[in-house]
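In the numbering used here, the protein residues as written are 9 to 490.
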Amino acid sequence: MTPIAVLITIAAYFLILFTISYIAGRKADNEGFFVGNRKSAWYVVAFAMIGSSISGVTFVSVPGMVGVSNFSYLQMVLGFVTGQIVIAFVLIPLFYRMNLVSIYEYLESRFGTSSYKTGAWFFFISKMLGAAVRLFLVCLTLQFLVFEPFHMPFILNVILTVTLVWLYTFRGGVKSLIWTDSLKTFCLVVSVVLCIYYIATDLRLSFTEMISSISDSSLSRMFFFDDVNDKRYFFKQFLAGVFTMIAMTGLDQDMMQRNLSCKNFKDSQKNMITSGISQFFIILLFLMLGVLLYIFTSRQGIANPAKSDELFPMIATGGYFPAIVGILFIIGLISAAYSAAGSALTALTTSFTVDILGSKGKTENTVQKIRKRVHIGMAVVMGIVIFVFNLLNNTSVIDAVYILASYTYGPILGLFAFGIFTKKQVRDRYIPLVAILSPILCFILQKNSETWFNGYQFSYELLIFNALFTFIGLCLLIKKTN
């Protein structure tokens, strides 16, 4: 696929994206930016949430990871679905009852200001790093397809990418995101289905033959119960999926902004359960695509790339299929990545404005001015983090996302768990210390686990231990009563 064709595809997508963003956000006030005025239809949010849970990382990494992990990722996705049910019936009623703009305001009412600021800062670090990792993958792909052929540096790639994200979110916030995420969901589903169709057609497989080839492949093994030290072990993946979903969706301002935009908590529950079940089948499509890609390279005698993340981009844009496959890949990638980055930028702006700088007691105009400045600042910081990550990158991107989440979302999960499941008051001023020590203990545990526990390797379940250490730390801070 030529660089010019890639640029035309991106330009056409963004023309549609900016049009939708302008129409949705042209009359948005601060409440519209932060929570969409709480007027969003649940089925529109549910459709949008399918796409918002699938980033550019998923689009590129999941098909390639089949070669190493088979279908074991679905074990984690089953945990995701379970986690979304927990969010729907535990967290959503609580957040609606308290009429929250930022979900971290709960920590202030439950514990105090130090807890509130701790939750907001850990979210800021978590979301900034996670969004940067996801957008970094897109920048790498665009560098390979567009910027390198034109001999342009990576820093220019980052500046243009982050600027585009800022432009389509600065006006409407959540109101714009829900509709642009709906466009993203549509593009993602159409892209992956048509890519599967074209590859199966090239392999001369009918629908039943395609299903049979995938199910017969050793790459389609889903459940792993035989080795507890294997990262693919079922209970590791499933439990990590449950708690990762609770932390990265239920306790994440980015994801919960959409849910809080529904008219009431019952509509929000419908949205959460519907999008969770739908996500399972969308991920299944990506894994099926991965098996077909490996079958294709095997039959054609094509060497698989050293990094599994590069498999789908290499085949889709390498001239092996009609040009439409490359176009579909680019549309799917940019719709996934830019939308995820846009929602992260909006959530970071909301949390920093409301939680860290404080918006209570300020006029609408004052908050709007602060919010616009913060929005620009968040975009600049995101660009810097992406560039730094490019210098440090040495791991699979999808692994990097969940490893980062294990360390940064754990204290947030522990804080909310203690607040919801106990009625005890704690010494609020010491909570930041507990939140910092918990990830440090997890790092020590991970580095020494093979020596201490007969070869056991921690994977994404490290998040659970991180939250547990935070919970125990809070127990030590319980105030004594007369």
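Note that CB positions come from ideal geometry on N, CA and C, so glycine has one too.
What residue range does the alpha helix (DSSP H) around residue i cover?
i    : result
L213 : Note, L213: premise wrong, no alpha helix (DSSP H); not H, not E.
M6   : Since the first residue of the chain shown is 9 and the last is 490, residue 6 is not available in this structure.
T430 : No alpha helix (DSSP H) contains T430, which DSSP labels as neither H nor E.
E458 : I439 to W460
M386 : E372 to L400
A248 : F242 to M253
T126 : T121 to L150
G481 : L470 to L484
M264 : Q261 to N267
If we count the other Cβ atoms within 10 Å of its Cβ and call it buried at 16 or more, is residue i buried or exposed?
i    : result
T374 : exposed
C483 : exposed
R379 : buried
E469 : buried
I472 : buried
Y81  : buried
K244 : buried
F233 : exposed
D189 : buried
E217 : exposed
H159 : exposed
L196 : buried
Near residue i, which residues of its chain fall below 7 Å by C-beta distance, leaving aside the five closest residues on each side in sequence?
i    : result
L356 : F132, K135, M136 and M386
G326 : none
F231 : Q83 and F242
D275 : W50
A56  : I186, D189, S190, T193 and R266
What does a CB cutoff of less than 6 Å around residue i pick up in its chain, not counting 5 residues either side in sequence?
i    : result
I323 : L301
I222 : S228, M296 and V299
I486 : K432 and V434
W174 : A387
D37  : Confidence is the limiting factor: at D37 the pLDDT is only 49, short of 50, which leaves the residue's position unreliable, though a coordinate-based value still follows. Excluding sequence neighbours, D37 sits near nothing in its chain.
So, at 8 Å on beta carbons, what are the nonlocal neighbours of residue i in its own chain, with the 5 sequence-adjacent residues on each side left out?
i    : result
F97  : Q277
V201 : L293
L412 : S134, L137, G138 and V141
P330 : Y206
F395 : F162, I163 and V166
Sequence ranges, alpha helix (DSSP H) only - wholly within the stretch 74-112, length at least 4 = Counting only runs of 4 or more, we get 81-94 and 100-105.
query = Are there three or more Cβ pairs, one per stretch, closer than 8 Å when the stretch 353-365 is compared with the stretch 230-250?
reply = Segments in contact, no.
inquiry  = I want to know whether the stretch 390-398 touches the stretch 122-142 - three or more CB-CB distances under 8 Å.
reply    = The answer is yes - the stretch 122-142 touches the stretch 390-398, with three or more Cβ pairs under 8 Å.
inquiry  = Ignoring anything shorter than 4 residues, give me the alpha helix (DSSP H) runs that lie fully in the stretch 282-359, in order along the chain.
reply    = Segments of the alpha helix (DSSP H) lying fully in the stretch 282-359: 319-325 and 331-359.
request  = For the stretch 121-129 and the stretch 435-445, state whether three or more C-beta atom pairs, one from each stretch, are separated by less than 8 Å.
outcome  = Contact between the stretch 121-129 and the stretch 435-445 is present, because at least three Cβ pairs lie under 8 Å.
ask   = For the stretch 104-119 against the stretch 309-320, are there 3 or more C-beta pairs whose distance is under 8 Å?
value = As far as the Cβ criterion goes, the stretch 104-119 does not touch the stretch 309-320, which means the pair count is below three.
inquiry  = Assess contact between the stretch 254-272 and the stretch 167-177, defined as three or more Cβ pairs (one per stretch) separated by less than 8 Å. Is contact present?
reply    = No, the stretch 254-272 does not touch the stretch 167-177.
request  = Give a yes or no on contact between the stretch 110-119 and the stretch 416-432, applying the rule of three or more CB pairs nearer than 8 Å.
outcome  = Touching, per the Cβ criterion.
inquiry  = Measuring CB atoms only, is the stretch 447-465 touching the stretch 416-424, in the sense that at least three cross pairs come out at less than 8 Å?
reply    = Between the stretch 447-465 and the stretch 416-424 there are three or more inter-stretch CB-CB distances shorter than 8 Å, so the stretches are counted as touching.
message = Would you call the stretch 202-216 in contact with the stretch 301-311, where contact means no fewer than 3 C-beta pairs closer than 8 Å?
response = Touching, yes, given that three or more Cβ pairs across the two stretches are closer than 8 Å.
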